[in-house]
Each structure stands twice: as C-alpha cells, then as structure tokens.
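Trainee: First the structure, then my questions, so here it is.
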Amino acid sequence: MKLTCLITICTSLWALDPNRLISQYGIRHYDLEDGILQSSVQAITQTPDGYMWFGTQDGLTRFNSRSFHNYSMVSLNIVGLEAVGDQQLWIAADGRGLVSFDHGQFTNIDETFGLVCRRIRRIFLDSDQVLWVIGETGVHFGDLEGFETLAVGNTDSDPVIDVGQDKQGRIFLATSYHLYLVTDEGVSLFADEQVTSRGVIASIRSDAAGRIFVAQAQGMARIEGAQVLGETMRSTGRFIPIDLIQDRDGLYWLASSDVLNRYHNSRVDAFVPTNQAPVTGIRCLFEDREGNLWVGTESDGVVQIRNTPVVTYGKAEGLDNEIIFPILEDREGRVWMGGEGGSLAIVNESGITLMPLLEPSNQATALAESPQGDIYVGCLSGLYQVVGDTLEAVNVDLLAEQSIWALLFDRKGDLWVGTVGIGLLKRDDHGWTQFGPERGLPSPIVSAILEDRLSQIWAATDGGGLCRIDGQSVVVYGPEQGLDHLAITSLLEDHRGVLWITTHGGGMYRFDGQRFHNYSMSEGLPANLVYAVLEDNNGDLWCSSTRGIFRIARQYVEPGFDGLVRCERFGLGDGMRSVECNGGVQACAIRSSNGNLWFATIAGAIRINPARLFRSATPPLIIIESLTVSGELLAPKTHGMSVGPGVNQFQIDFSGLCFTSPENVRYSYRLDGFEEEWVLAEQRATAYYTNIPPGDYVFHVRADNGSGVWSEQDAKLPLRLIPYFKQTNTFKILMGVLIALLLGSIYAWRVRDTRLREIELKALVAERTQDLWKVTRKLQDANTRLEKMSFTDPLTGVGNRRRFEEVMEREWRRALRNRNPISIVMMDIDFFKSFNDTYGHQRGDDCLCQVASALSEHLNRATDVIARYGGEEFVVCLPETDIQGAFRVADVMRLHVTQLGVAHSGSEISDCVTISAGVSSTVPDEAMKWQDLVERADQALYQAKRLGRNRVERLEYT
Numbered sequence: 040m041k042l043t044c045l046i047t048i049c050t051s052l053w054a055l056d057p058n059r060l061i062s063q064y065g066i067r068h069y070d071l072e073d074g075i076l077q078s079s080v081q082a083i084t085q086t087p088d089g090y091m092w093f094g095t096q097d098g099l100t101r102f103n104s105r106s107f108h109n110y111s112m113v114s115l116n117i118v119g120l121e122a123v124g125d126q127q128l129w130i131a132a133d134g135r136g137l138v139s140f141d142h143g144q145f146t147n148i149d150e151t152f153g154l155v156c157r158r159i160r161r162i163f164l165d166s167d168q169v170l171w172v173i174g175e176t177g178v179h180f181g182d183l184e185g186f187e188t189l190a191v192g193n194t195d196s197d198p199v200i201d202v203g204q205d206k207q208g209r210i211f212l213a214t215s216y217h218l219y220l221v222t223d224e225g226v227s228l229f230a231d232e233q234v235t236s237r238g239v240i241a242s243i244r245s246d247a248a249g250r251i252f253v254a255q256a257q258g259m260a261r262i263e264g265a266q267v268l269g270e271t272m273r274s275t276g277r278f279i280p281i282d283l284i285q286d287r288d289g290l291y292w293l294a295s296s297d298v299l300n301r302y303h304n305s306r307v308d309a310f311v312p313t314n315q316a317p318v319t320g321i322r323c324l325f326e327d328r329e330g331n332l333w334v335g336t337e338s339d340g341v342v343q344i345r346n347t348p349v350v351t352y353g354k355a356e357g358l359d360n361e362i363i364f365p366i367l368e369d370r371e372g373r374v375w376m377g378g379e380g381g382s383l384a385i386v387n388e389s390g391i392t393l394m395p396l397l398e399p400s401n402q403a404t405a406l407a408e409s410p411q412g413d414i415y416v417g418c419l420s421g422l423y424q425v426v427g428d429t430l431e432a433v434n435v436d437l438l439a440e441q442s443i444w445a446l447l448f449d450r451k452g453d454l455w456v457g458t459v460g461i462g463l464l465k466r467d468d469h470g471w472t473q474f475g476p477e478r479g480l481p482s483p484i485v486s487a488i489l490e491d492r493l494s495q496i497w498a499a500t501d502g503g504g505l506c507r508i509d510g511q512s513v514v515v516y517g518p519e520q521g522l523d524h525l526a527i528t529s530l531l532e533d534h535r536g537v538l539w540i541t542t543h544g545g546g547m548y549r550f551d552g553q554r555f556h557n558y559s560m561s562e563g564l565p566a567n568l569v570y571a572v573l574e575d576n577n578g579d580l581w582c583s584s585t586r587g588i589f590r591i592a593r594q595y596v597e598p599g600f601d602g603l604v605r606c607e608r609f610g611l612g613d614g615m616r617s618v619e620c621n622g623g624v625q626a627c628a629i630r631s632s633n634g635n636l637w638f639a640t641i642a643g644a645i646r647i648n649p650a651r652l653f654r655s656a657t658p659p660l661i662i663i664e665s666l667t668v669s670g671e672l673l674a675p676k677t678h679g680m681s682v683g684p685g686v687n688q689f690q691i692d693f694s695g696l697c698f699t700s701p702e703n704v705r706y707s708y709r710l711d712g713f714e715e716e717w718v719l720a721e722q723r724a725t726a727y728y729t730n731i732p733p734g735d736y737v738f739h740v741r742a743d744n745g746s747g748v749w750s751e752q753d754a755k756l757p758l759r760l761i762p763y764f765k766q767t768n769t770f771k772i773l774m775g776v777l778i779a780l781l782l783g784s785i786y787a788w789r790v791r792d793t794r795l796r797e798i799e800l801k802a803l804v805a806e807r808t809q810d811l812w813k814v815t816r817k818l819q820d821a822n823t824r825l826e827k828m829s830f831t832d833p834l835t836g837v838g839n840r841r842r843f844e845e846v847m848e849r850e851w852r853r854a855l856r857n858r859n860p861i862s863i864v865m866m867d868i869d870f871f872k873s874f875n876d877t878y879g880h881q882r883g884d885d886c887l888c889q890v891a892s893a894l895s896e897h898l899n900r901a902t903d904v905i906a907r908y909g910g911e912e913f914v915v916c917l918p919e920t921d922i923q924g925a926f927r928v929a930d931v932m933r934l935h936v937t938q939l940g941v942a943h944s945g946s947e948i949s950d951c952v953t954i955s956a957g958v959s960s961t962v963p964d965e966a967m968k969w970q971d972l973v974e975r976a977d978q979a980l981y982q983a984k985r986l987g988r989n990r991v992e993r994l995e996y997t
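Residues 40 to 997 (the working numbering) are what the sequence shown spells out, left to right.
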C-alpha cells in the first residue's frame with residue numbers, strides 16, 4: 040500500500056472541516072501491488088459485516104483493511120454492486136448479466152428467475168430490498184424469488200440508463216432525455232419540460248436526506264416535490280458526471296470523468312490527480328460506515344480519502360518551501376513560519392501569504408513579537424524586523440553576520456538574542472549586554488531562551504547545558520546537578536512551574552527546581568533526539584522528534600511513577616508527510632491561543648488540535664476469517680466446528696474491520712474452557728493454540744480501533760476437538776472395569792500367597808531378630824569403646840587433648856553465660872627427660888601412669904577434668920573455681936605426687952619424682968578466648984620452673 044496525504048489542488052479550497060484545506064486530507068491508494076485483483080475498480084460497496092467489496096473488470100475483491108481476498112476463479116466484468124447481507128451481494132456483470140453472491144458462491148440469475156439480460160447498465164437496491172436492474176432488455180425488478188419487467192413508454196430509441204429512490208420511497212427512472220416516476224398506477228413522465236430544458240441526463244443519485252439529484256449537461260438539478268430545481272454544483276473539469284454522494288458531514292462529492300469535485304457552501308473544490316493520489320478516470324464513489332470516502336478509478340485501483348489527526352501545511356497549501364524551522368503566533372492569531380528558501384509564510388483564515396527575505400539563502404531561524412506588536416526575525420546572517428511587507432535589518436555591530444537561533448521579549452520588553460558564536464545578548468534601555476565566557480556562559484551557542492513565572496531568564500546551550508541568568512552572571516546546570524546531556528534543543532515551563540528540557544540524544548528532562556529526572560528510550564520514549572515539548576490544555580505533553588510526534592499522558596511523567604512511559608505516536612498514517620521534525624531553534628513548536636499545537640518538520644508545518652484528533656468513534660466490526668488445523672485452512676462456521684480426532688493445536692485468524700487507521704487496530708481474545716483471562720494480542724490478528732485437550736470450547740475475539748473504541752460484540756466460534764476412542768469417557772469406563780476385575784483377581788491371589796508367606800516370615804523374623812539383637816549389642820559396645828578411645832589417652836587412661844578442648848569449649852561458654860570463674864592448672868613432671876635417660880622409656884611410661892592416677896584422685900567434682908596435654912604435661916579444667924581454689928587443688932596434687940616416692944636419681948632438686956604447676960583463672964567476657972587462659976596458665980608453669988621447680992605459681996587472666 041502506498042500511503043500519503045499529499046494531494047495537489049487547483050486552488051486553496053475548504054473541505055470537510057472548514058479549518059482544513061482539501062489537500063490536507065489523508066490518502067491511501069491501493070492497487071495491484073497491494074493485492075487488489077485488477078486495477079479498474081468500477082463498483083464499491085460494504086456489507087453489514089464490515090467487509091469492503093470492489094468490483095473490477097476481472098472479478099470480485101474483498102478487503103478487510105489489511106489484505107485482499109480475490110475471487111479470481113470466476114471472471115466477471117463487474118459494473119455494479121449492491122450489498123444484501125453479510126457476505127451477500129448482487130453483482131451486475133457486463134456480458135454475463137445479474138449474479139447473486141452468497142459467502143463465496145456465485146449464482147447466475149437467468150431466465151429461470153424470470154430475467155433475461157446480459158448487458159446491465161445499473162443495479163439499484165431500494166428500501167424494500169427490491170433490486171432494480173437497468174439493462175439492454177429494459178427495466179426489471181425483483182429478488183431471488185423472481186423478477187418482473189416494467190414497461191416504460193417508448194424507450195427503444197431513448198433507453199433507461201439509471202434509477203433512484205427519494206425519501207418518500209418514490210422510484211425515478213432516467214433516460215438520456217426524460218425522467219419517469221414509478222407509481223402503483225404505472226410509469227409517467229416527471230416534470231418533462233424542466234428536465235428536457237437542461238440538456239442530456241447522465242445519471243441520477245439520492246443524497247443522505249433522500250433527495251434525488253439529476254446530473255445533466257448544465258449541472259446538477261435537485262427534485263423537490265413535483266419540481267426540478269437547478270443547482271450550482273458544477274465540475275471544474277469537463278462535465279461528464281459519473282457519480283454523486285453526500286457524506287455524513289453533509290457535503291457533496293461529485294465525480295466527473297476527469298476530476299473529483301467537492302461542494303461546500305456553493306463553493307467547488309477539486310482534486311487534481313497526482314502519482315500519490317491518482318484520482319482520475321473515476322468510475323464510482325462510496326462512503327463507508329466510518330465516513331471514509333472511496334474512489335474507484337479506471338486504471339489505478341481504489342483511493343481512500345479520510346480525516347487525519349494531523350493537518351499539514353506544505354507546498355500544496357501555498358508554501359514555497361516545506362523545510363520549516365521557527366514558528367510564531369502573533370497577537371492577531373496569525374501563524375508565522377520560517378524555513379529554507381528565503382521567505383516567511385503567514386497563515387491565517389484566508390490562506391497563506393509569503394514574505395520574501397532579503398536573499399533566498401538567508402534562512403529564518405528564530406521569530407519573536409515585541410510588546411508593541413513588531414515581528415523580529417533571527418536569520419543566518421543577523422537580526423531583522425518586519426516593516427510593512429518587507430524585512431529591514433536591525434543594525435547592531437555585535438550581531439553583524441551572526442547566526443541567530445533564539446529570540447525572546449521578556450515581560451519588561453527587553454530583547455534576548457541567542458546566537459551561534461557569541462553566546463547570549465540582551466537589549467534594554469541601557470543598550471546591549473553580552474553574556475559570554477567572561478560571565479560564565481559555558482557555550483557560545485544558545486538554542487532556546489525562556490522566561491519563567493518568576494521572571495527568571497533561562498538559556499539552553501548546545502554543549503554547555505542549562506543556564507540561568509542571575510543579574511550579570513550565569514548559573515550553570517550540568518552533570519553535577521543531574522543534567523547529563525548538555526546539547527539542549529528546547530525549554531518549556533508547564534502550568535505547575537516545572538521546567539522541561541529536551542536534548543539532542545538524551546531524551547527529555549524534568550526539573551522541579553531541586554533535581555533533574557531523565558526520560559529517554561530506556562523509559563519508553565520513541566526517540567532520544569527530542570526537538571521540542573509542548574503542554575496541551577489537559578496537561579499532557581507533546582514532543583517532536585526524528586521519529587514523528589508523540590503524546591505522553593501526564594500520569595506517566597508525574598513524580599513517583601516508576602514504570603515505562605507509554606506514548607501515543609503520530610506519523611505518516613496520521614497525516615504527516617514526513618515523520619522527521621525539525622528543531623534546535625526557537626521556536627520549532629508552539630501552542631497557539633486556541634489550543635492548537637504547531638510543529639516544524641522537513642515536509643511542512645503541522646497542526647494538531649488535541650481536543651479534536653479525528654479519531655474514529657465507530658466501533659470496529661470483528662470477523663473470524665479462518666481456522667487452520669494441521670496446515671489445512673478451513674472456513675469458519677457460525678454454528679460451530681468440529682475437528683479431530685487427534686488435533687491438539689490450531690490457529691485462528693481474524694480481522695477488525697477498521698479502515699480509518701487499520702495500523703492501530705488491537706485485538707483481545709479468549710478460548711472459553713481453556714483460558715480464564717483475555718489475551719491482549721496488540722496488532723497480531725492470529726491466535727495460536729497448542730496442547731489443547733479434547734473437549735468443547737468457544738473462541739471469543741474483539742477489536743479496538745486504536746482510539747479506545749472496542750467492538751460492541753465479540754466474534755465467536757464454537758469449537759469441538761473430537762477425541763480418539765481411547766480419550767473418551769466410554770473407553771475410560773471400560774478400562775476402569777477391566778482394571779478393577781484384574782486388580783480383584785490379583786488381590787485375591789496375593790492375599791492367599793501373603794498368608795502363606797506370613798507364616799514363614801514369622802519364624803524367620805524371630806530367628807533373625809535374635810541374631811540381629813546380638814549383633815546390635817556387640818556394635819553398641821564397640822561404638823562405646825571407640826568413642827571412649829577417641830577422648831582417652833591410651834597410656835595414662837585420663838582424657839586426651841581433644842577431650843580437654845571439647846570440655847573447655849563447653850565450660851567456657853557456660854562460664855561466660857553465667858558470669859562464673861573458671862581456672863586452668865598446667866603441670867609438668869620435673870626433669871622427665873633425665874628420668875627416661877636414666878631408667879628407660881618403659882619406666883618412664885609407668886611413671887606417667889602413676890602421676891596421672893595420683894592427680895586424678897584429687898579431683899572430687901564431676902565437672903573437674905584432667906587430661907594429658909602432651910608428653911609429660913597434664914592440664915586440669917576447674918569450672919566455677921577462682922584462682923585461690925585452683926591454687927589449693929594444684930598444691931595438693933603436687934604434694935601427693937611427691938608422696939608417691941618414685942625414685943628419680945636424675946633430678947637436680949629431689950631424689951624422687953616431683954611436678955611443677957602453673958595456675959590461671961578468670962571470669963570470661965565476650966572479648967576473651969579460652970586459649971588465652973591456657974596460655975596464661977602455661978606462663979605460670981614456666982615461672983614455677985624458673986623459680987626452682989616442685990612448686991605452684993599463679994597468674995590472673997584479665
């Protein structure tokens with residue numbers, strides 16, 4: 040499909056909307072490349088189910104707004120179509136006669152129906168569903184029950200060529216020279232003198248009000264009562280009337296052989312054919328249920344004319360160049376536009392006026408109006424003022440040959456000028472002041488200037504960030520303040536005082552005076568290059584970009600919202616002639632006093648009225664078109680379909696019949712019996728299902744026309760997935776009975792066998808239980824011995840070091856929890872190496888055992904634990920014992936060892952074995968470790984040895 044909204048016109052004329060030129064309507068052109076059967080469209084209609092039907096020289100085509108379905112198996116030269124019901128048509132086929140079409144089936148209406156007519160000029164379905172057939176054999180009327188022939192005077196030399204019906208139900212017949220009225224009494228001439236005086240009759244048509252119009256050589260005539268009144272509707276081209284309709288807005292469209300005319304308030308507007316809108320060789324006109332106008336052409340397919348949300352001003356409307364930059368509304372409501380090509384354009388209610396600049400290359404880049412109403416123009420080579428119908432240079436040395444990108448008159452009347460090379464300038468009663476690097480301006484390029492509600496001046500720079508003028512200095516906002524993108528394209532203060540900053544590559548920022556918040560493609564914006572932002576009367580934001588215009592509902596940019604920003608986009612299908620906007624100068628977008636929004640693009644200036652977006656309010660009709668099962672395409676049946684057995688996956692194709700904006704149609708569907716929630720399919724018009732079990736289902740689908748208007752009724756398709764016999768309930772019941780019988784037999788056999796086995800097992804279990812008890816007892820004894828061995832010194836029989844560490848961990852935690860003292864005694868046999876050297880290791884081992892036994896005898900509490908620490912060293916843990924008590928216990932142990940009287944000739948201090956001991960004690964806290972307490976006791980032991988051995992020393996641990 041070739042999509043455009045550019046139509047050249049012969050003059051600047053009004054169309055449907057008095058505020059819109061005829062060239063500003065949207066056009067869609069469909070031809071062979073888009074799939075239409077044949078390029079000569081001679082008849083158009085729409086059936087109640089919403090399908091559009093096109094009759095061509097090669098047959099019938101059905102259109103669902105997305106694709107064409109061609110009935111190419113039956114070749115018909117179709118000259119007329121009348122819709123009867125859903126996918127039911129009357130077809131007038133030249134050379135074949137009348138054909139009835141019903142859901143893909145063609146039936147010839149021939150002599151068996153009482154009709155013999157091969158060449159048909161016109162068919163017409165009246166309000167009683169009676170079909171009138173005008174052909175080579177005269178006038179016929181009837182239905183599928185049969186047809187009759189109507190005698191109309193002497194029409195051999197002047198045959199009937201057309202038929203129509205007025206609002207009273209009267210049937211009119213037209214020949215080339217006469218008009219006839221059909222009544223119950225017969226056929227009679229109607230106002231013959233008035234008719235014949237106006238020349239040859241080409242056709243008759245009725246408008247929306249049911250009035251009959253007669254197309255004649257002298258123009259259109261209207262029948263009122265018993266009179267024929269002349270009308271001023273005349274074609275702008277050669278007047279060979281082809282078709283006439285009155286659209287739902289009350290305006291008339293008249294197709295003649297070479298031009299399409301529109302009549303409004305006695306004014307004629309005309310389309311001139313172009314490649315984008317080949318409205319030539321017109322064969323028929325039709326208005327669909329949404330108000331779109333369809334034009335069938337002789338060799339260029341079909342053209343659709345429609346309203347669009349966007350109104351474009353370009354060359355077709357009177358501009359000499361379409362690349363627009365600055366836009367301004369003056370106090371009189373006129374809109375000024377500047378762009379390439381060396382001229383200014385002024386748009387008002389009377390049209391477009393062009394004002395040449397000094398030189399064609401001197402492009403306007405900024406516009407502003409002074410408090411006195413003077414228009415100032417910033418150009419690529421200086422500053423100008425509009426004086427009368429010309430531009431005069433404002434001679435300022437600073438601005439000589441300077442490119443100016445921004446202009447602003449503040450509330451005091453001072454002029455601010457943003458330049459490309461010397462920064463920001465201000466003109467007041469004292470002269471000119473320059474804000475450049477010496478005053479803190481970070482960039483010499485100023486792209487936008489704003490005065491906020493507090494009368495503060497803000498300047499946007501290209502590469503230097505955002506600046507606020509503070510007296511004679513500049514306050515800069517950049518990355519340190521949260522503004523990471525420094526190439527700013529425009530500024531806006533909204534009705535709440537929030538500042539909006541658009542950037543080149545960084546999306547858009549919101550600044551509330553405290554912090555910056557960024558919105559970019561990561562947050563849902565369609566583009567990161569945003570040229571301008573405007574606020575409409577509802578508080579919504581509108582942005583221009585290189586990807587079209589997009590609207591952001593206010594809720595998505597409120598503080599606290601952290602989801603994706605949802606944008607409504609406007610592009611080619613909405614009336615733009617290019618999605619690429621222009622920007623970087625002030626101002627490339629404005630909101631006019633009447634609430635309209637204007638944006639600059641590379642293909643003209645566009646206007647949007649947010650309060651009247653020309654979105655279709657007609658609920659779309661929804662059609663289920665096909666069911667595909669295992670690759671086989673099936674036509675759906677309204678009463679339901681059965682598929683299978685063995686089918687568990689399928690797809691359903693559907694169409695929302697919306698012709699105004701088919702690209703925006705969204706779908707939602709649900710399979711009752713399988714899904715509980717609706718599935719939002721967006722623009723995908725197919726539902727896919729897999730692994731669906733056999734059963735009964737109902738598929739529902741509905742459509743949204745893109746404007747939030749959903750179809751009033753869902754399309755439904757009952758489905759039955761037939762199961763295999765093995766999937767049926769009967770099979771399951773039979774299998775259940777068989778399984779029950781089998782299980783019963785198995786159970787009886789198992790019971791008998793189980794009883795026999797029970798007797799055997801009881802005896803075996805008793806025997807095995809006795810053996811198991813014996814083995815278990817032995818295993819328990821062995822485990823007890825192993826556990827004891829793991830904590831016992833094998834030589835002395837006292838605890839080993841592992842046992843001591845386990846006890847210390849437990850007792851240390853208890854002392855810490857209860858805030859009780861705990862003591863350690865470290866003991867060592869004096870000169871034990873000499874003992875081994877003198878008496879041998881066997882005697883040494885015996886000595887260790889005797890000492891360990893003597894030490895153990897003096898531990899009277901179950902919590903006191905002695906362990907062999909290593910070699911000839913022993914350690915004792917004394918819970919809940921302070922240092923005095925521990926000292927006494929250690930000294931008693933020392934004396935008892937001495938009393939053993941074990942001979943020791945190698946001792947330097949005694950003739951028998953003695954020990955030395957070190958004692959340490961503490962009340963633990965969280966900062967202490969028990970290992971440090973042991974270390975402290977070891978230090979005390981060392982001190983006892985240093986002081987002569989055979990003694991006890993103590994050291995506190997705090």
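For glycine and all other residues, C-beta sits at the position ideal for the given N, C-alpha and C.
Could you tell me whether the region 70-87 touches the region 316-331, using the rule of 3 or more Cβ pairs below 8 Å?
Mentor: Verdict: yes, contact present.
Trainee: Express the C-alpha separation of residue 103 and residue 50 in angstroms, rounding to a whole number.
Mentor: A caution first: residue 50 carries a pLDDT of 30, below 50, which makes its placement in the model unreliable, though a value can still be read off. Residue 50 and residue 103: Cα-Cα distance of roughly 35 Å.
Trainee: Using DSSP bridges, identify the partner residues of residue 282.
Mentor: Paired residues: 294.
Trainee: Pick from 907, 623, 264: whose alpha carbon is nearest that of residue 834?
Mentor: Considering only alpha carbons, the answer is 907.
Trainee: Classify residue 447: buried if its beta carbon has 16 or more other beta carbons within 10 angstroms, exposed otherwise.
Mentor: By the neighbour-count rule (16 or more Cβ atoms within 10 Å), residue 447 is buried.
Trainee: Relative to the alpha-carbon of residue 72, which residue among 780, 175, 184, 339 has its alpha-carbon at the smallest distance?
Mentor: Closest by alpha carbon: 339.
Trainee: Below 8 Å on the Cβ atoms is my guess for residue 525 versus residue 546; work out the distance and round it to an integer in Å.
Mentor: Their Cβ separation, rounded to whole angstroms, is 13 Å, which puts residue 525 and residue 546 out of contact at 8 Å.
Trainee: Near residue 723, what residues of its chain come up, given a Cβ to Cβ distance below 8 Å and the 5 sequence neighbours on each side ignored?
Mentor: Closer than 8 Å at the Cβ level, and outside the excluded window around residue 723, lie 706.
Trainee: Leaving out five residues on either side along the sequence, give the residues of the same chain with a beta carbon under 6 Å from the beta carbon of residue 622.
Mentor: So the list reads 528, 570, 571, once near-sequence residues are dropped.
Trainee: Using only alpha-carbon positions, find the residue among 603, 624, 553, 533 that is nearest to residue 581.
Mentor: The candidate whose alpha carbon is nearest that of residue 581 is 533.
Trainee: Alpha carbons only, please: which of 290, 92, 364 is nearest the one belonging to residue 306?
Mentor: Among 290, 92, 364, the Cα nearest to that of residue 306 belongs to 290.
Trainee: Let me know the secondary structure DSSP gives residue 403 once reduced to three states.
Mentor: In this structure, residue 403 counts as strand in the three-state DSSP scheme.
Trainee: According to DSSP, simplified to helix, strand and coil, what is residue 364?
Mentor: Reduced to three states, the DSSP call for residue 364 is strand.
Trainee: Name the residue from 636, 213, 520, 797 whose alpha carbon lies nearest to the alpha carbon of residue 172.
Mentor: The shortest Cα separation from residue 172 among 636, 213, 520, 797 belongs to 213.
Trainee: On a Cα-Cα basis, can you pick out the residue from 191, 152, 127, 151 that is closest to residue 140?
Mentor: It is 127 whose Cα lies nearest to the Cα of residue 140.
Trainee: Since I believe residue 301 is in contact with residue 247 (beta carbons under 8 Å), could you give me their beta-carbon distance rounded to a whole number of angstroms?
Mentor: Going by Cβ atoms, the distance from residue 247 to residue 301 rounds to 15 Å, so no, they are not a contact pair.
Trainee: Which term fits residue 399, buried or exposed, when burial requires 16 or more other beta carbons within 10 angstroms of its beta carbon?
Mentor: Label assigned to residue 399: exposed.
Trainee: Thinking residue 845 and residue 918 are a contact (beta carbons under 8 Å), I'd like their distance in whole angstroms, please.
Mentor: About 14 Å separates the two Cβ atoms, so there is no contact after all.
Trainee: Kindly provide the ranges of any beta strand (DSSP E) runs that are 3 or more residues long and lie completely inside the region 531-602, ordered along the chain.
Mentor: Counting whole runs of 3 or more residues, the region 531-602 contains the beta strand (DSSP E) stretches 538-542, 547-550, 555-558, 569-574, 580-584, 587-591.
Trainee: For the alpha helix (DSSP H) holding residue 878, just list the boundary residues, first then last.
Mentor: Run containing residue 878: 871-878, per the alpha helix (DSSP H) assignment.
Trainee: Curious, which full-length beta strand (DSSP E) runs of at least 3 residues does the region 591-673 contain?
Mentor: Listed in chain order, they are 606-609, 628-630, 636-640, 643-647, 660-668, 671-673.
Trainee: Output yes or no for whether 9 Å exceeds the beta carbon distance between residue 89 and residue 772.
Mentor: For residue 89 and residue 772, no; Cβs fall outside 9 Å.
Trainee: Among residues of its own chain, excluding the 5 on either side of residue 989, which ones have a beta-carbon nearer than 8 Å to its beta-carbon?
Mentor: Answer for residue 989: 869, 933, 937, 948, 949, 953, 954, 955, listed in chain order.
Trainee: I'd like to know if the region 659-673 and the region 607-625 are in contact, where contact means that at least 3 CB-CB pairs between them fall below 8 Å.
Mentor: Cβ pair count under 8 Å is below three, so no.
Trainee: Pick helix, strand or coil for residue 793, following the three-state DSSP scheme.
Mentor: Helix.
Trainee: Could you work out which residue in 685, 684, 694 is closest to residue 675 when comparing CA atoms only?
Mentor: For residue 675, the nearest C-alpha among the options comes from 694.
Trainee: If you pair each beta-carbon of the region 880-890 with each one of the region 976-996, do three or more pairs fall below 8 Å?
Mentor: Taking 8 Å as the limit for Cβ pairs, the verdict is that the region 976-996 does not touch the region 880-890.
Trainee: Are there three or more Cβ pairs, one per stretch, closer than 8 Å when the region 774-784 is compared with the region 683-703?
Mentor: With the cut-off at 8 Å, the region 774-784 and the region 683-703 do not touch.
Trainee: Might you give, ordered along the chain, the residues of its own chain that have their beta carbon closer than 8 Å to the beta carbon of residue 250, omitting 5 neighbours on each side?
Mentor: Excluding sequence neighbours, residue 250 sits near 205, 206, 261, 262, 263.
Trainee: Would you call the region 633-646 and the region 723-737 in contact, with 3 or more CB pairs under 8 Å?
Mentor: Too few Cβ pairs lie closer than 8 Å, so no.
Trainee: Which residues in the same chain have their Cβ closer than 8 Å to the Cβ of residue 182, if we skip the five residues on either side of it in sequence?
Mentor: These residues qualify, in order along the chain: 168, 169, 170.
Trainee: Given that a residue counts as buried once 16 or more other Cβ atoms are within 10 Å of its Cβ, and exposed if not, what is residue 68?
Mentor: Looking at its Cβ environment, which holds 16 or more other Cβ atoms inside 10 Å, residue 68 is buried.
Trainee: Give the secondary structure of residue 227 by DSSP, where H, G and I count as helix, E and B as strand, and everything else as coil.
Mentor: Strand.
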